[in-house]
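Under the numbering used here, the first residue of the sequence shown is numbered 73, with each subsequent residue one higher. All residues carry an ideal CB built from backbone N, CA and C; glycine is no exception. Okay, so here's the structure we're looking at.
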Amino acid sequence: MSEEQMIGWTDEDDALVTYESLPDWHPTLFVDVFRTGLEIEQPDGNKLLGGAFVTPESLDSWGDFSRARAVFTTGLKISTTALYGIGAPDVAYVRLVETDEHLTRDIDSVPATMHVTLVWRPEIAVVPNSSWRIHHLGEAVEPTLVPRTRAGFDPRAQS
Numbered sequence: 073m074s075e076e077q078m079i080g081w082t083d084e085d086d087a088l089v090t091y092e093s094l095p096d097w098h099p100t101l102f103v104d105v106f107r108t109g110l111e112i113e114q115p116d117g118n119k120l121l122g123g124a125f126v127t128p129e130s131l132d133s134w135g136d137f138s139r140a141r142a143v144f145t146t147g148l149k150i151s152t153t154a155l156y157g158i159g160a161p162d163v164a165y166v167r168l169v170e171t172d173e174h175l176t177r178d179i180d181s182v183p184a185t186m187h188v189t190l191v192w193r194p195e196i197a198v199v200p201n202s203s204w205r206i207h208h209l210g211e212a213v214e215p216t217l218v219p220r221t222r223a224g225f226d227p228r229a230q231s
């Protein structure tokens, strides 16, 4: 890359490269696809969202997804760093953060405003290359309270 091309490179470009480099199974990508799905208006859209993205056990708590839509229109950014349950790698937490930065090297410097709690559920997966399902949006949910069917499976071990 020439020096002239580098002059226009920004931290937003670094963040885009980081995002594009995430593996297909990464929980951040699943949350971002969910966010995009919330924006689509079509008949039976809420039914499609429920069937493709959330755990069946939590479906009633999502209602018409208006709260989720409201959260994702606040300007919170989806962190590319996923956290995993202690002793429960099949449970992941994606942080939603309030920052002007596009890429943060230290997650402690930007506390999470909310967490998306996900669980690895291959028996109900519909999104190609990913078996994540969202269980909760808000506070991180303790793994023992999440409906797990692949307890101990570590999606990070996939290639």
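Checklist entry - Is there contact between the stretch 210-221 and the stretch 110-124, where contact requires at least three CB pairs shorter than 8 Å? => result Not touching, per the Cβ criterion.
Next on the checklist: Assuming the contact rule is C-beta atoms closer than 8 Å, Val103 and Ile158 should be a hit. Round their C-beta distance to whole Å, please.
Outcome noted: That pair is no contact at about 21 Å.
Checklist entry - Considering only residues of the stretch 91-154, which uninterrupted alpha helix (DSSP H) runs meet the minimum length of 4 residues and lie entirely inside it, listed in chain order? => result Runs of the alpha helix (DSSP H) inside the stretch 91-154: 99-111, 117-125, 131-134, 138-144.
Item to check | Gly224 to His98 span [Cα, whole Å] | outcome: C-alpha separation (whole angstroms): 17 Å.
Checklist entry - Tell me, which residues are paired with Arg167 by DSSP? => result Partner(s): His187.
Item to check | DSSP state of Ala229 mapped onto helix, strand, coil | outcome: Ala229 falls in the helix class under three-state DSSP.
Item to check | Residue interval of the beta strand (DSSP E) (run including Gly210) | outcome: That run of the beta strand (DSSP E) goes 204-210.
Next on the checklist: Let me make sure I understand the geometry here. Which of Leu168, Asp226, Ala142, Val105 has the alpha-carbon closest to that of Glu211?
Outcome noted: When only C-alpha atoms are compared, the closest one is Leu168.
Checklist entry - What's the C-alpha gap between Ala43 and Ala160? => result This structure gives no information on residue 43, because the portion of the chain shown stretches from 73 to 231.
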